Amino acid sequence: MDNSAPLIELLTGLITTQAQDGSLDGSILQELEQATLADQARAQAFGITRETAGQVVRDRLQLFRAVYHQFIPFCQHRLGWAVHDSQARLDTLWSLWLPLAMQLVADRQTLGRPLVQGILGGQGTGKTTLAAILTLILNQLGYRVCELSIDDLYKTYADRQVLQAQDARLKWRGPPGTHDVDLGLSVLQQLRQADPQTPIAIPRFDKSLHNGAGDRAEPMMISGADIVLFEGWFVGTRPVDPQVFDTAPEPISTESDRQFARDINQALQAYLPLWEQLDRLMVLSPTDYRLSQQWRREAEQRMKASGRSGMSDADIDAFVLYFWRSLHPELFITPMCHQCDYVDLVIEIQPNHAPGRVYCPQHLPSDGG
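No gaps in the numbering here: position 319 of the sequence shown is 319 in this note's numbering, and each next residue is one more.
Set out below in structure tokens:
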């Protein structure tokens with residue numbers, strides 16, 4: 001749906017002009033059904049067929065009404081969006097966030113135990129925003145949600161100081177090797193239990209401690225969760241053939257770059273038991289991986305404009321290039337967008353941060369196009 005204005009107008013009209021008995025004009029339902037089926041790849045990704053579209057639209061409308069009056073203030077106060085921006089996202093609420101939440105609920109019911117949904121995406125792709133909005137919707141449906149980031153699993157400040165002394169290349173937290181995998185494994189295994197006997201300590205990380213180096217904060221205690229949203233910039237990624245680094249893309253250009261990439265690739269092996277705890281994995285994939293550099297610059301510029309300190313362009317470039325050297329998106333993320341063995345859903349992210357194509361790799365043509 002390239003032109004979202006008519007859809008937003010239709011949806012807001014349904015909220016304000018709904019009949020007393022809750023009935024809907026048949027032509028409006030038909031229009032929404034047609035819009036839902038128009039994007040075939042997205043409909044397939046959410047398991048919507050011509051036969052089921054009518055009921056899907058009715059169920060989604062019911063949820064839209066339940067969430068609508070919370071959504072706008074939530075976007076303003078929790079996400080910091082202007083009213084206009086929040087209204088403009090109603091089409092995304094309708095066409096992506098609601099069906100995604102409904103899909104998670106259906107999978108949770110089928111599974112019969114807590115569901116762990118992995119969210120893979122680089123800087124600026126909207127992982128945290130997506131998790132927050134899904135939590136809002138799922139809470140409305142009566143489901144307890146636990147949000148967990150790979151960042152929450154960082155090793156302690158003291159342990160990372162030892163790590164840096166052993167390998168000076170690990171100058172920034174973030175790459176494989178800087179996390180406590182055993183901690184993450186223990187937490188996810190506890191969260192997957194249908195009826196945990198004791199409260200679960202969810203780790204939290206405070207990036208402001210130690211002058212920005214960060215350290216563990218007090219864990220959050222919960223009694224359990226129905227759905228776990230586990231997000232991170234390399235959640236679910238897998239080691240690749242080391243030979244690919246012989247002809248790797250920029251900025252992996254020197255022999256020391258290639259050796260660093262090979263070593264990080266090897267370190268990624270230790271995370272595979274963590275990924276085995278995932279029941280589903282979605283990828284937030286920018287139309288061009290280099291957008292993350294542009295988005296980071298824009299974010300820092302906004303911080304400076306608001307009077308806060310921010311990184312210089314040179315510092316941003318050094319930071320972003322460091323992570324591309326460790327796990328290059330073209331080598332570790334792009335190929336996963338065509339791997340139905342590991343990925344259930346791909347959401348392409350456009351330069352303006354809005355979602356574009358949504359598809360399931362399983363339904364791609366055999367040539368991957």
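Glycine included, C-beta positions come from ideal geometry on N, C-alpha and C. Computed from a predicted structure; not experimentally measured.
Rounded distance between the beta-carbons of residue j and residue i, thought under 8 Å
i, j, result
"Val67", "Gln140", "5 Å"
"Lys127", "Glu298", "In fact, because the Cβ distance is near 17 Å, the residues do not count as touching under 8 Å."
"Gly124", "Trp233", "The pair is not a contact, with the Cβ atoms about 10 Å apart (cut-off 8 Å)."
"Leu281", "Gly236", "4 Å"
"Ile371", "Val181", "The first residue shown for the chain is 1 and the last is 369, placing residue 371 beyond what the model contains."
"Pro251", "Leu321", "5 Å"
"Ile119", "Ala131", "6 Å"
"Leu268", "Pro329", "Contact doesn't hold; Cβ gap of about 14 Å is too wide."
"Pro286", "Ile349", "5 Å"
"Ser326", "Ala261", "7 Å"
"Tyr143", "Ile202", "At roughly 16 Å, the Cβ-Cβ gap does not stay under 8 Å, so Tyr143 and Ile202 are not in contact."
DSSP three-state assignment for residue i, whether helix, strand or coil
i, result
"Arg89", "coil"
"Tyr289", "coil"
"Gln350", "coil"
"Cys360", "coil"
"Glu231", "strand"
"Gly236", "coil"
"Ser384", "Only positions 1 to 369 of the chain appear in the structure, and residue 384 is not among them; the question remains open."
"Asp215", "strand"
"Gln164", "helix"
"Asp21", "Residue confidence for Asp21 is low, a pLDDT of 46 falling below 50, so the modelled location carries little weight; the figure read from the coordinates is stated next. Correct three-state label for Asp21: coil."
"Val343", "coil"
"Ala248", "coil"
"Ala35", "helix"
"Pro329", "helix"
"Asp195", "coil"
"Pro355", "strand"
"Ala82", "coil"
"Ile48", "coil"
"Arg410", "The structure shown does not extend to residue 410, since the chain spans only 1 to 369, so no value can be given for it."
Residue closest to residue i, alpha-carbon to alpha-carbon, out of the options
i, options, result
"Arg173", "Asp215, Pro242 and Ile252", "Asp215"
"Leu7", "Ser27, Glu31 and Gly26", "Glu31"
"Ala41", "Leu345, Gln350 and His353", "Leu345"
"Arg103", "Leu138, Ala217 and Val181", "For clarity, residue 103 is Gln in the given sequence; the question names Arg instead. Among Leu138, Ala217 and Val181, the Cα nearest to that of Gln103 belongs to Leu138."
"Gly212", "Arg262, Asp246 and Gly310", "Gly310"
"Ser209", "Ala158, Ser186 and Ile227", "Residue identity check: residue 209 is Leu in the sequence provided, not Ser. When each option's Cα is compared against that of Leu209, the closest is Ala158."
"Ser95", "Gly80, Ser149, Thr36 and Thr254", "Thr36"
"Leu364", "Gln34, Gln44 and Leu163", "Gln44"
"Asp195", "Ile349, Leu115, Gly356 and Thr129", "Leu115"
"Pro351", "Met336, Ile333 and Asp288", "Asp288"
"Arg290", "Lys171, Gly122 and Pro176", "Gly122"
"Thr178", "Leu163, Cys340 and Thr92", "Leu163"
"Ala314", "Arg89, Ala261 and Gln301", "Gln301"
"His69", "Arg258, Glu51, Met303 and Leu90", "Leu90"
"Ile133", "Thr156, Leu93, Arg160 and Ala165", "Leu93"
"Ala217", "Gly26, Gly307, Thr156 and Leu229", "Thr156"
"Met221", "Arg238, Ala318 and Thr198", "Thr198"
"Arg258", "Phe71, Trp324, Leu10 and Ser27", "Trp324"
"Pro335", "Arg113, Ser27, Thr129 and Arg238", "Arg238"
Distance, residue j Cα to residue i Cα
i, j, result
"Gln76", "Leu100", "22 Å"
"Thr110", "Gln117", "14 Å"
"Arg428", "Ser292", "Coverage of the chain is limited to positions 1 through 369, which leaves residue 428 absent and any answer about it impossible."
"Arg169", "Glu147", "30 Å"
"Asp39", "Leu331", "29 Å"
"Leu63", "Leu98", "8 Å"
"Asp107", "Ile316", "40 Å"
"Leu191", "Asp241", "33 Å"
"Tyr244", "Ala354", "The question names Tyr, but residue 244 in the sequence shown is Val. Approximately 32 Å, taken between the alpha carbons."
"Phe46", "Asp246", "39 Å"
"Val343", "Thr12", "34 Å"
"Arg65", "Pro273", "40 Å"
"Leu136", "Ile15", "19 Å"
"Val358", "Ala165", "44 Å"
"Ser86", "Leu10", "16 Å"
"Gln34", "Asp59", "15 Å"
"Lys304", "Ser312", "10 Å"
"Glu255", "Leu61", "56 Å"
"Asp263", "Ala318", "20 Å"
Local Cβ density within 10 Å of residue i, reported as buried at 16 or more and exposed below that
i, result
"Asn265", "buried"
"His84", "exposed"
"Leu153", "buried"
"Asp167", "exposed"
"Asp206", "exposed"
"Lys171", "exposed"
"Ala82", "exposed"
"Arg160", "buried"
"Pro361", "buried"
"Gly184", "buried"
"Ala53", "buried"
is_contact[residue i, chain D] using C-beta, thresh 8 Å
i, result
"Arg89", "Looking for chain D here will not work: only one protein chain is present."
beta-carbon residue i near the ligand ATP non-hydrogen atom, thresh 7 Å
i, result
"Gln117", "The ligand ATP is not part of this structure, which contains no ligands at all."
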